[in-house]
Amino acid sequence: MPEFREMAKVTLFGSGNKGGAEFTPAKDIPPLAGKVVLITGAAGDLGRQTAIELAKYGRPSRIYVADLPRGDAEKKAVVERITREAYVQDEDAATPKTEVRFLDLDLTSFESVRACAVEFVAKEERLDILFLNAGIIRVAKGTTKEGYEVHFGLNYLGHALLAKLLIPTLEKTATNTSKPRVVVVSSEGHAMAPKGGIQFDNLKSECASMDYSQRYGQSKLALIHLTRHLSTQHPSLTTAAVHPGRILTGMADALKKESLLVKLTAPIAPFFCVPVSVGIVNHLWAATSPAVLSGSYYEPVGVPGKESALARDAALGRRLAEFTAEQIGGVELVG
């Protein structure tokens, strides 16, 4: 049973949440006054908590929640929840609170990604921290609007396009003393990628011959290579990929219904998983710590050098960069 075997390598024997750097949001997130943050998937568990912690302790001017389109009432509820939880015990009422704004973003549609970037650039002249955080892992096969395997299309290609469109704003924000950050949320699950790493010839299909762990794995592997590529091509930025750790989220709950391994290990999950409040620490460390080395992949917290051999494969990275340029090269930021 390939799905069980590959998932077991990560679920039971991976690096999980072993400690590295000491980082406490309350004391280690620096002041972020005047800065602008954008987080994809920020209506979900990890992204939302990241926004809450940054608003609570860093107080940037604005945080943009980029997530699936929804009704005005639902958008307002997301914004109000983040604001409420960030300032439920506001001990520094004299400091301006962060303004939270919602942006529609469907990463399975290039048109939606471009529209999101156009809207953001129309509102802002700077971007200090970009979290490519949104992601899916599921058994069901499917494709994006453009026909790409849905994990690869949403987790990787949608984010690669968004980054491309926002790079000019990020670079415009850079100064001699401050580099904007791009935090790419990968996973130790990148080790579950199929043989060879990425099946380029099958990406414009459901990748029906793969189990879902391999489809997920190749998308997360691609994100590590994206991190390295952005770091090389845009030295005025600091770009880092992170694995959050094994986290008890709504995504994990939904996966129990579809994955035999997840279902069987659910009773012991609390012993090797952490709550979201712990899982976002690597996000926050990568976004703010002076110890971050651009182009690196970090496991919790701030532990480098844990990526697979395929994640270090320079030839694979070059092929992915060429493939990506071919797929998204024609999508431009035009209002």
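Mapping of the sequence shown onto numbering that gives the first Met the number 0: position 112 corresponds to residue 111, and the numbering continues sequentially without gaps.
For glycine and all other residues, C-beta sits at the position ideal for the given N, C-alpha and C.
Assignment of beta-bridge partners to P243 by DSSP yields no partner. Under the three-state reduction of DSSP, A173 is assigned to coil, being neither helix nor strand.
DSSP places Y63 inside the beta strand (DSSP E), whose first and last residues are R61 to D66. The C-beta separation of V183 from I128 comes to about 12 Å, leaving the pair out of contact by the 8 Å criterion. With respect to the 8 Å criterion, V77 and F109 are not classified as neighbours on the basis of their beta carbons. Residue burial annotation: E325 is exposed, with fewer than 16 other C-beta atoms found within 10 angstroms of its C-beta. Three or more Cβ pairs closer than 8 Å define a contact, and the stretch 45-65 falls short of that threshold against the stretch 311-323. Secondary-structure assignment with DSSP links P303 through a beta bridge to Y297. When G328, V241, V280 and G301 are compared, the shortest CA-CA separation from A310 is found for V241. The three-state reading of DSSP puts V330 in coil, since its state is none of H, G, I, E or B. Excluding residues up to 5 positions away in sequence, E52, L53, Y56, G57, L283 and T287 lie with their Cβ nearer than 8 Å to the Cβ of I28 in the same chain. D66 counts as buried, since at least 16 other C-beta atoms from the protein chains shown sit within 10 angstroms of its C-beta. DSSP places V36 in no alpha helix (DSSP H) but in the uninterrupted beta strand (DSSP E) bounded by V35 to T39. Only residues of its own chain outside the window of five on either side were considered, and among them A116 and L332 have a CB closer than 6 Å to the CB of L164, listed in chain order. L131 carries a strand assignment under DSSP once its states are collapsed to helix, strand and coil. When S204, P167 and K194 are compared, the shortest CA-CA separation from S235 is found for P167. Cβ contact annotation for G278 (same chain, cutoff 7 Å, sequence separation greater than five): L45, P243, G244 and I246, in chain order. Out of Y63, G301, K305 and A192, the CA that lies nearest to the CA of L131 is found in Y63. For F199, DSSP assigns no beta-bridge partner whatsoever.
Cβ-Cβ distances below 7 Å link K74 to F101 in the same chain, with the five nearest sequence neighbours on each side left out; the list follows chain order. L102 has A65 as its beta-bridge partners, per DSSP. Contact between the stretch 207-222 and the stretch 183-196 is present: 3 or more CB-CB pairs across the two stretches fall below 8 Å. Proximity to V120 across G328, A239, A20 and V36 peaks at V36, based on C-alpha coordinates. For V184, the enclosing beta strand (DSSP E) has its first and last residue at R180 to V184. Taking a contact as a CB-CB distance under 8 Å, the pair L161 and V112 counts as one, their CB atoms being some 5 Å apart. Residue nearest to E98 within the set V280, T107, E79 and A114 is E79 (criterion: CA-CA distance).
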